[in-house]
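>
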Amino acid sequence: MPKAFTAVFAGSALGFAGLQMQTLFRNPLAGPFVLGISSGASLGVALLVLSGIGITGILASWGMAIASITGSSLVLILVLTVSFNIRDSMSLLLIGLMVGAFTSAVVSVLQYFSSADNIQSFLFWTFGSTGNLSWQEMKVFIPVVVLGIVIGISQAKPLNALLMGENYAQSMGLTVKKVRVALVISTSLLAGVVTAFCGPVAFLGLAVPHVARIIFKSANHMILIPATLLLGSILLLTCDIIAQLPGIDLILPINAVTSLFGAPIVIWLIVKRKNISRNFG
Amino acid sequence: MDKSTETILSLQNLNIGYGNKKKFIKLMDTLNLSVNKGKMISLLGANGVGKSTLIRTIARLQPPLSGQIFLQGKDITTLSNKDIAKRISLVLTDPIQGGNLSVLELVEMGRYPHTSWSGKLNKVDHEKVENAIHHCSINYIKDANIFEISDGQLQKALIARALAQDGELMLLDEPTVHLDANNRYSVMQLLKKLVQETGKSVILSTHQVEMALDLSDELWLANCAESIITGSPATLVEANHISRMFPYLSGKHTMGEK
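Top line first, the protein sequences correspond to chains A and B.
Quick note, the first sequence lines up with residues 1 to 281 if you use the UniProt record's numbering.
Quick note, the second sequence lines up with residues 1 to 258 if you use the UniProt record's numbering.
1) Closer than 8 Å, CB to CB, is A:D164 near chain B or not?
2) If you run the structure through DSSP and keep just helix, strand and coil, what is A:L29?
3) Candidates A:L50, A:F9, A:G18: which alpha carbon is nearest A:A118's?
4) Leaving aside the five residues before and after B:L172 along the sequence, list all residues of the same chain whose C-beta is less than 6 Å from its C-beta, in chain order.
5) Please determine, among B:S66, B:Q155, B:L213, B:V187, the residue with the shortest C-alpha to C-alpha distance to B:T30.
6) Look up B:D217 in the DSSP assignment and say whether it is helix, strand or coil.
7) Pick helix, strand or coil for B:T7, following the three-state DSSP scheme.
8) How would you call A:S91, buried or exposed, if buried means at least 16 neighbouring beta carbons within 10 angstroms?
9) If you drop the 5 nearest sequence neighbours on each side, which residues of the same chain put their C-beta closer than 8 Å to that of B:I84?
10) Give a yes or no on whether the C-beta atoms belonging to B:V103 and B:I146 are separated by under 8 Å.
11) Determine the contact status of B:L101 and A:L235, defining contact as a CB-CB distance below 8 Å.
12) Report the CB separation of A:V99 from A:G36 in whole angstroms; it is logged as a contact under 8 Å.
13) Can you check DSSP and say which residues form a bridge with B:K26?
14) Among B:R111, B:D217, B:S34, which one has its Cα closest to the Cα of B:Q68?
15) Output the boundary residues of the alpha helix (DSSP H) element that contains A:S115.
16) Hey, is the segment 15-25 of chain B in contact with the segment 205-213 of chain B, meaning 3+ C-beta pairs nearer than 8 Å?
17) Grab me the residues of A:I242's own chain with a C-beta within less than 7 Å of its C-beta, minus the 5 sequence neighbours each way, in chain order.
18) So, with DSSP's three-state summary, where would you put B:K258?
19) In the structure shown, what three-state DSSP assignment does A:K217 receive?
20) Counting contacts by CB-CB distance shorter than 8 Å, is B:W220 in contact with chain A?
21) Just checking, does the segment 165-178 of chain A make contact with the segment 213-233 of chain A on the three C-beta pairs under 8 Å criterion?
22) Shorter than 8 Å from the beta carbon of B:A85 to some beta carbon of chain A?
23) Between which residues of its own chain and A:G31 is the CB-CB distance below 7 Å, once the five residues before and five after are set aside?
24) Taking only runs that begin and end inside the segment 156-222 of chain B, name each unbroken beta strand (DSSP E) of 3 or more residues, in chain order.
25) If you drop the 5 nearest sequence neighbours on each side, which residues of the same chain put their C-beta closer than 7 Å to that of A:G199?
26) So, is the C-beta of A:N167 closer than 8 Å to a C-beta in chain B?
27) I want to see whether chain A comes within less than 8 Å of B:G119, judged by CB atoms only; does it?
28) Which of the three DSSP states is assigned to B:T230 in this structure?
29) Using a Cβ-Cβ distance cut-off of 8 Å, determine whether A:K217 contacts chain B.
30) Residues of chain B with CB under 8 Å from A:M172, in chain order?
31) Within a Cβ cutoff of 7 Å, which residues of the same chain sit near B:N32, ignoring the five residues on either side of it in sequence?
32) In the DSSP assignment, the alpha helix (DSSP H) including B:I58 goes from what residue to what residue?
33) Verify the CB distance criterion: does B:I96 have a CB-CB separation below 8 Å to chain A?
34) Relative to the C-alpha of B:K21, which candidate in B:S89, B:T53, B:P64 has its C-alpha closest?
35) How big is the Cα-Cα spacing for B:K82 and B:P113?
36) Output yes or no for whether 8 Å exceeds the beta carbon distance between B:H135 and B:L163.
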């Protein structure tokens, strides 16, 4: 059943991407989308859908995927170029946010000039869905996710060193720029491909790493990586089941479900722990 | 060469500061200094004189404006980050945020340059970690989270981490800052003990002039207007450098032995 597979892979991809970003930026608010990756993907899709090209026939989903991946990789290349020139991850985070704001603005402008039909199909994409993937598309989706996860896992030890900050990490023998490039590539692959095929699934990337840290009480990425992979897939699968409860014909947008049920849970966890930044790592 | 006078670090015509070739701020120029094995060196000087910059430059966290740094005879620009990490360990003033990290895990991080891809510690690594924890007397807090311990305990844990990294040279940027008087004293005593027991060399920057005079083998006095002055505490006191640079000190420290 492709839908369940999609949820499992997309969930673990988003969770892991979030973990990498939070550690790289040493910021509990970072997620896979802070680098503007999802905005880039949205821009690609928006250009395609809102201009009214390629939304019919077999090409529909492929065109969407390609547009989305192109959009996210363009943003990725931009952010990577910048990251070669600056040493400070905080600046990179801010630049990612700015790029995100810029592309969102372009999407808004595009929407303003588009027909109601095109806007509607674009909106449906932004709701997110795990159900639209054919086996054919899975042949692209799964290998890309696996590649992103493998690259991320290869950086487990550097991720641990980054917990101490970039100066200490370098003093322990790590080449910060190389690690940063690997992490950005991994995150972009993971977030980019999920966004392409499932829409911009909100919230999971930010929340899963926090839940993993709270449950496993660890900062060690050798534990946190499998934890986020597992929790991410469980959470998205659960949300997916809630979205299409049996007996009800209606299927809720997955984006709404992840936020509706996820946000209160995370707020509760954080309030219980009092101080997330201490717990963050 | 005799072991006891082995040169660990030597700086040759080193200029340090910030910026590039066209536009730069020079903080210290033509430094020609060396550090022998088993010496404790205190770097004294006012805020902004470039103490942290010197430490960062020696650790290759930032490039020098010009000049060379030799680590056990090797030019550091020819060494990889990992090679440097095996020779130099650091204690910085950077805040540590890696919550959920236990003291033991923090100390184990020191073995980073020595472990394989997976970061798994072998028998030797575990011994070095145990040893470092023992030397710094932090066994009683090794299972505590790093956000549960006091600043003084954290500083000792960071020193243990640096010790576990097992380089010949340990650089500490203001290790006693933010600490109360007792902790300042015990951290400095700990460093002195480490130098004596492990034969490592230590360079630390500090504003604790009295303790530096009492405990250091050598002082580096940095001053904006002139080049760095080096020597044993006794010689520098004799030559009135201490009383000139730190006029607020009481007679006991500045009058010398006489």
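Glycine included, every Cβ here is placed at the ideal spot set by N, Cα and C.
The structure displayed is predicted, hence computed values, not measured ones.
Reading from the atomic positions:
1) The question names Asp, but residue 164 of chain A in the sequence shown is Met. By the rule that beta-carbons nearer than 8 Å mark a contact, A:M164 touches chain B.
2) In this structure, A:L29 counts as coil in the three-state DSSP scheme.
3) Inspection of the sequence shows that residue 118 of chain A is occupied by Asn rather than by Ala. Selected option, being the one with the closest Cα: A:L50.
4) V91, L204
5) B:S66
6) Three-state DSSP puts B:D217 in coil, outside helix and strand.
7) The answer is strand: DSSP assigns B:T7 an E or B state.
8) Exposed.
9) If you ignore the 5 residues before and after B:I84, its C-beta comes within less than 8 Å of the C-beta of A59, R60, L71, I76, all in its own chain and listed in chain order.
10) For B:V103 and B:I146, yes; Cβs fall inside 8 Å.
11) no
12) 4 Å
13) B:G17
14) B:S34
15) It is not in any alpha helix (DSSP H) - A:S115 carries neither H nor E in the DSSP assignment.
16) no
17) V257, F261
18) With a pLDDT of only 41 at B:K258, under 50, the local geometry of the prediction cannot be trusted, and the value read off the model is given with reservation. DSSP places B:K258 in coil when its eight states are reduced to three.
19) coil
20) no
21) no
22) yes
23) G18, M21, G205, L206
24) Look at the segment 156-222 of chain B and you find these whole runs of beta strand (DSSP E), each 3 residues long or longer: 169-173, 201-206, 218-221.
25) W125, T126, F127, G128, S129, N255
26) At a cut-off of 8 Å between beta-carbon atoms, A:N167 makes contact with chain B.
27) yes
28) strand
29) yes
30) A85, M109, G110, Y112, P113, Q165
31) L11, Q12, N13
32) First-last of the alpha helix (DSSP H) with B:I58: 51-58.
33) yes
34) Among B:S89, B:T53, B:P64, the Cα nearest to that of B:K21 is on B:P64.
35) Answer to the nearest angstrom: the Cα atoms are 6 Å apart.
36) The answer is yes: Cβ separation under 8 Å.
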